[in-house]
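Please read the structure below before turning to the comments.
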Amino acid sequence: MKENMASLMAKDAEVLLHPASSITALLANGPDMITSAKGSTVTDANGRELLDAVGGLWCVNVGYGRKELADAMQQAAQQISYYHTFSNASNPWQVALAEKLLSKAPEQMTKIFFGSSGSDANDTIIKLVWHYFALKGQHSKTKMIAREQGYHGTSISTASLTGLGGFHKEFPLPLDFVLRTECPHFYTRGKAGETEEQFCDRLIDEVAQLIEREGAENIGAFFAEPIHAAGGVIEPPKGYYPKLQSLLKANDILLVADEVVCGYGRLGKWFGSQVLDIKPDFMATAKGLTSGYFPMSAVFMTQDIWEVMKLGSEKLGAFSHGYTYSGHPIGAAVALANLEIIEKEGLVELAGETGRYLHEQLQAEIGDHPHVAEIRGRGLIAGVQLVANKASKLLPDPAEKWPLKVANACREAGVIVRPLPSVGTIAISPPLVITREEVDQLVSVLKQAIDSVTFGN
Ligand code: PMP
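As C-alpha cells, this is what we get:
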C-alpha cells in the first residue's frame, strides 16, 4: 500500500489538473494527499493526523466518517442508483428532502430546485431572475448587482458575480451583466473619521446611485452572502441589510442570499438570513446540505416567483433548465440523513455555543496581538485579519505572503486553516462537531504560527 501510494503521489501531476491550484507548486511539492478522515480530523498519506479547522472547503458540517450517511447513500444506491427528474420525473427522496428543507427555511420560501454545486445554484438563480421578469414583461431587468470580495462560484456567470480579481484575470471576465458595488467592510473601507453608521449609509447611498445610474428597469437582483466567506469572513455593519432591502424593494430588485457557506447551522441558526435579519427572494445553498458527502445544491424560492412561473408555464410550456443530476436520489438520501444528524445532535445550537467559545478564545489569545487587526465572524466561522501596522491600519505586503506562511506553520503543527491571501486573512470554518479541546488546540497553534511569521521567530 505504501509503495502504491508513493507511485500515486508521483503520478498525480502527470494526469491531473487540480482546481484552484498552482501547477508550479504541484510539480515542486507533489499533491497534498489525504487518505482518510474521521470527526474533525483528516489523515494524510504519511499517516499524519491533522485537525481540519476548515471542514474541507467550509462544508463538512457533521464531521467526517459518519456511518449514517454512508448507509443512507448505500441504501439509495442499491434501491434506485439513479433516475432523472426532467419532464416531471421524481423520486421519494427528493420530495422528502424538499419538504424537510422548507420546514427549516425562512417562512417566505415555498419551493426548492436541486442541482449539484454552489455555482450551479447561483447560475440557476440568475436564469430564474431573468425568467421571472421576462414573464412579467420586464425584459430589460437583466443586470445583477454583486459586491467586491463576494464569492459566488467559478462558472462563467458566477465567476462574473464573484468580486475577487483572481477569478477574472486569466479570462475575459466578468461578463457585463454584473454591476459591482463596495464590500461592506468597515475596517478596510471606512474613511477616516467616519462612524460605522455613516459608513453603512454611504454604502447604501452608493447602491442607490448605482441603481439611479443604470436604471432600476435594467436590474433584476442583488447577490449577497449574509457573511462573506472566501472574501475575508466579513459581516456588514449593523443596519446594512434592512436598509439595503428596503432600497431594493422600492426599485423592484430581488435579493438573493448566497447561503452556500452560511447555511445549515454554521452561524448558529439554520440559515444566515435568519441570523442577520434578511428576507431574501432566493437562497442558494450547497456544501453543508450534504456536509460535502455528495455534490448537491438546493435553490429556495418564494411563492411569488413560483406563481409567476406557473402562469408562464400555461403560455410557454416546460421551464427549459435543469441538470442530469438535479434531485439525485443518492444525494437527497445523504442530505436527509445529514439533516437528521444536525437535528438529533442539536448541531445548530452547538455551533452557536462552540462558536462563542471559539471567538472568546481567539479574542483572549490573539485579540491584542500587534499584527491582528480584527477577529471577525460569528458562530463557527471566523476570519483573523492580519495587519502590518495596527496604528496606521497598513495591511500586510502581499509579497510577504503572511496568510500562506501562517497557514503553513499551522499545518506543520497539525492544524489546517485557510489562508485568504488577497485580503490578508486566515479563515476558520470547522465541522460543527469540533470539540472545545480541539478549539483550544486550534487557537494555541494559530497564535504560535502568527507569532512566528509576524515576529520572525
Ligand atoms: N457561493 C459561496 C458563498 C461559496 O463559498 C462557494 C464555494 N466556496 C460557492 C458559491 C460555489 O460553490 P461550488 O464550489 O460548489 O460551485
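Residues 140 to 596 in our numbering are what the sequence shown lists, from first letter to last. C-beta: ideal position from N, C-alpha, C; glycine also.
Inset, instruction - Have a look at C401 and H291 and give me their C-alpha separation to the nearest angstrom. - result: 12 Å
Legend entry - Bridge-paired residues (DSSP) for P558: I565
Legend entry - Anticipated Cβ contact below 8 Å, I589 with V201, distance rounded: With a Cβ gap of about 30 Å, I589 and V201 do not count as contacting.
Inset, instruction - Answer yes if the stretch 222-232 comes into contact with the stretch 488-500, meaning at least three C-beta pairs across the two stretches below 8 Å, and no otherwise. - result: no
Inset, instruction - Please determine if the stretch 502-513 and the stretch 450-466 are in contact, where contact requires at least 3 C-beta pairs separated by less than 8 Å. - result: no
Inset, instruction - Kindly provide the ranges of any alpha helix (DSSP H) runs that are 4 or more residues long and lie completely inside the stretch 160-219, ordered along the chain. - result: 162-168, 194-197, 206-218
Inset, instruction - Within its chain, find whatever has a CB closer than 8 Å to the CB of P381; leave out the 5 residues flanking it on each side and keep chain order. - result: D416
Inset, instruction - Starting from the C-beta of P560, find all residues in its chain whose C-beta is less than 8 Å away, skip the five residues before and the five after it, and write them out in chain order. - result: Cβ-Cβ distances below 8 Å link P560 to P537, K540, P542, L543 in the same chain, with the five nearest sequence neighbours on each side left out; the list follows chain order.
Inset, instruction - Alpha carbon to alpha carbon, how far is I573 from V193? Give it in angstroms, no decimals. - result: 11 Å
Inset, instruction - Using only the heavy atoms of ligand 1, determine whether one of them is closer than 7 Å to the beta carbon of E364. - result: Yes, the beta carbon of E364 sits closer than 7 Å to at least one heavy atom of ligand 1.
Legend entry - 6 Å Cβ shell around T564 - same chain, five flanking residues per side excluded: Within its own chain, the residues whose Cβ lies closer than 6 Å to the Cβ of T564, once the five positions on either side in sequence are excluded, are G371, G522, Q524, listed in chain order.
Legend entry - Three-way DSSP call (helix, strand, coil) for Q288 in this model: coil
Inset, instruction - Measure from the alpha carbon of L314 to the alpha carbon of each residue in G404, F325, D340, A298, then state which is nearest. - result: A298
Inset, instruction - Give every residue of the same chain whose Cβ lies closer than 8 Å to the Cβ of K275, excluding the five residues on either side of it in the sequence, and list them in chain order. - result: V447
Legend entry - DSSP bridge partner residues for H498 (one or two, in chain order): DSSP, once it has assigned bridges, lists no residue as partnering H498.
Inset, instruction - For A285, I'd like the list of residues in its chain whose CB is within less than 7 Å of its CB, leaving aside the five on either flank, ordered along the chain. - result: Correct list, in chain order: H291, L300, G302, V317, R319, F362.
Inset, instruction - Out of F433, E287, I350, point me to the one whose CA is closest to A368's CA. - result: E287
Inset, instruction - Can you give me the Cβ contacts of D151 inside the same chain, cut-off strictly under 8 Å, excluding the 5 residues immediately before and after it? - result: L165, G169, P170, M172
Legend entry - Beta-carbon spacing of P323, L349 below 8 Å: no
Legend entry - R517, DSSP secondary structure in three states: coil
Legend entry - One or two residues paired with K144 in a DSSP bridge: According to the sequence provided, residue 144 is Met. The question's Lys does not apply to it. Answer is none; M144 lacks a bridge partner.
Legend entry - Residue from L533, I514, K250, L478 with nearest C-alpha to V199: L478
Inset, instruction - Grab the span of the beta strand (DSSP E) containing V317 for me, first residue to last. - result: 317-320
Legend entry - Host alpha helix (DSSP H) of T424 (start-end): T424 -> not in any alpha helix (DSSP H); beta strand (DSSP E) instead, spanning 421-424.
Legend entry - G254 and V399 closer than 8 Å at C-beta: Contact: no.
Legend entry - Close-in-space but distant-in-sequence residues of the same chain around I373 (CB under 8 Å, 5 per side omitted): Q288, C322, P323, H324, I366, H367, R515, G522
Inset, instruction - Find out if the Cβ-Cβ distance for the pair A396, G411 is shorter than 8 Å. - result: yes
Legend entry - Spatial neighbours of M148 in its chain, beta-carbon cut-off 8 Å, leaving aside the 5 residues before and after: For M148, the CB contacts under 8 Å within the same chain, skipping 5 residues up- and downstream, are G169, P170, M172, A184 in chain order.
Legend entry - Buried or exposed (CB count within 10 angstroms, at least 16 for buried), N528: exposed
Inset, instruction - Give the straight-line distance between the Cα atoms of S279 and F272, rounded to the nearest whole angstrom. - result: Roughly 8 Å separates the two Cα atoms.
Inset, instruction - Using a Cβ-Cβ cut-off of 8 Å, state whether A360 counts as contacting chain C. - result: Absence of chain C from the displayed structure is noted, only one protein chain being present.
Inset, instruction - In the DSSP assignment, find the alpha helix (DSSP H) that holds A476 and state where it starts and stops. - result: Per DSSP, A476 is one residue of the alpha helix (DSSP H) stretching across 468-483.
Legend entry - Straight-line gap, V584 to V556 (C-alpha atoms, nearest Å): 10 Å
Legend entry - Identified DSSP bridge partners for T441: M248
Legend entry - For S436, the residue or residues it bridges with in DSSP: G254
Inset, instruction - Mind reading off the beta-carbon distance from Y326 to E513? Whole number of angstroms is fine, and I expect it under 8 Å. - result: 5 Å
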